[in-house]
Amino acid sequence: MSLTEAGLLPGRVGMIVRLYAEHHSWSAVKEKWHEERIHERGSRGSAQKIFRILKRRLQSGGKRLPSVTDLHSLVQECPTEQAKAQLFYFYLIREDNLFRFVLHEVLRRQGTERSEWHLTTGEIVSVLNQFEHEDGSGLQYADSTLQRWGRGFRSVLRDIGVLKGPYDENGVVPSVDETPAHVGALYSWHEDGKEWPDRPIGWLYLFQPPAHRETLLDMIQSSGRWTTSRLRDQSVIAPADREEESVREEESV
1065 MSLTEAGLLP
1075 GRVGMIVRLY
1085 AEHHSWSAVK
1095 EKWHEERIHE
1105 RGSRGSAQKI
1115 FRILKRRLQS
1125 GGKRLPSVTD
1135 LHSLVQECPT
1145 EQAKAQLFYF
1155 YLIREDNLFR
1165 FVLHEVLRRQ
1175 GTERSEWHLT
1185 TGEIVSVLNQ
1195 FEHEDGSGLQ
1205 YADSTLQRWG
1215 RGFRSVLRDI
1225 GVLKGPYDEN
1235 GVVPSVDETP
1245 AHVGALYSWH
1255 EDGKEWPDRP
1265 IGWLYLFQPP
1275 AHRETLLDMI
1285 QSSGRWTTSR
1295 LRDQSVIAPA
1305 DREEESVREE
1315 ESV
């Protein structure tokens, strides 16, 4: 349950992304990270544990999310700390299966066509208690650990703007700028291919209801990163650098 050891931590993730852009070497990043963290106040052991978790998270993006080098450029475009946190959020979703399960279940239970979601720690823990491993067993953790995980889940939602304060019980639709909208669309594209606009899972994970879909589509298309083409009487919205590839794949079918 790595969320109990390291939440979203957007400031620290941003530091790692910046260091990697400067040094292009994970060993150099690790050393610089330890130097900066120990100088601040932490022990080398705790710094190493957090670094290991965050490095694994950033490397988990694969083809679905921008590389760490590309991520640095995207971070620089973000106008707010919330927008940066929303970028890093997708790497957490991608890497942490338990986080993704709970997020998906919260949205499934409560629905996506709404403006508020009930997001108390108790609600999150109730979802955790429904989790089953492949052998049918549940999570074997003390209630205090589950409660701590639930609080960590809520802290992530505060970072991305869903929860406005530490004591809020209900989450709301957060504002989303162009860069997080772009990364959410990439996540959706790699999950569902050309059908992604019908149910953009990346935007749903950002608590964006279907009513916001056209606004978000207009936003990413006006950025120049996405193009719209016609294929067999169907409109296809694809990343600009993948359009020709997607057309070739469809024509070969």
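The sequence shown runs 1065 to 1317 under our numbering.
From the three backbone atoms N, C-alpha and C, an ideal C-beta is built for every residue, glycine too.
With a Cβ-Cβ cutoff of 8 Å, do residue i and residue j count as a contact?
i: P1074; j: R1178; result: no
i: R1322; j: R1158; result: Residue 1322 is absent from the structure shown; the chain starts at 1065 and stops at 1317.
i: I1224; j: Q1150; result: yes
i: V1166; j: L1118; result: no
i: L1067; j: D1160; result: yes
i: H1136; j: R1082; result: yes
i: P1238; j: L1270; result: yes
i: D1241; j: C1142; result: yes
i: V1189; j: W1181; result: no
i: G1248; j: F1154; result: yes
i: T1292; j: A1147; result: no
i: P1130; j: L1122; result: no
i: K1096; j: H1088; result: no
Give me the residue from the options with the minimum Cα distance to residue i.
i: K1113; options: P1238, W1267, E1069; result: E1069
i: V1132; options: I1080, E1100, R1116; result: I1080
i: H1254; options: G1125, L1227, V1191, A1147; result: G1125
i: L1221; options: V1236, P1261, L1295; result: V1236
i: L1192; options: D1232, Q1211, S1219; result: Q1211
i: S1252; options: R1294, A1275, A1302; result: A1302
i: F1286; options: S1299, A1304, H1276, Q1298; result: According to the sequence as given, residue 1286 is Ser; it is not Phe. If we check each option's Cα against that of S1286, A1304 comes out closest.
i: G1186; options: D1134, E1259, R1215; result: R1215
i: E1196; options: A1275, L1162, T1209; result: L1162
i: V1300; options: P1261, A1275, S1110; result: P1261
i: N1234; options: E1259, Q1298, Q1174, V1093; result: Q1174
i: R1164; options: T1176, L1203, F1217, D1134; result: F1217
i: R1263; options: G1109, E1145, T1176, Q1140; result: T1176
For residue i, does the count of other Cβ atoms within 10 angstroms reach 16, so buried, or fall short, so exposed?
i: H1246; result: buried
i: R1312; result: Note that R1312 has pLDDT 41, beneath the 50 cutoff, so the model's placement of it is unreliable and no number is given.
i: Y1084; result: buried
i: E1309; result: Residue confidence for E1309 is low, a pLDDT of 49 falling below 50, so the modelled location carries little weight; the figure read from the coordinates is stated next. Burial call: exposed.
i: S1091; result: exposed
i: R1120; result: exposed
i: V1317; result: For V1317, the predicted model reports a pLDDT of 39, less than 50, meaning its position is unreliable; a value from the coordinates is still stated below. V1317 should be labelled exposed.
i: L1183; result: buried
i: R1294; result: exposed
i: A1111; result: buried
i: R1172; result: exposed
i: Q1298; result: exposed
i: E1315; result: Bear in mind that the predicted position of E1315 carries a pLDDT of just 41, short of 50, making it unreliable; the figure below should be weighed with that in mind. Exposed.
Assuming residue i and residue j make a contact with CB atoms under 8 Å, what is their CB distance in whole Å?
i: L1268; j: L1156; result: Contact doesn't hold; Cβ gap of about 16 Å is too wide.
key: Contiguous beta strand (DSSP E) assignments of at least 3 residues, all confined to the stretch 1147-1223   = 1180-1182
ask   = In chain order, which continuous runs of the beta strand (DSSP E) of length 3 or greater are located wholly inside the stretch 1216-1270?
value = 1234-1236
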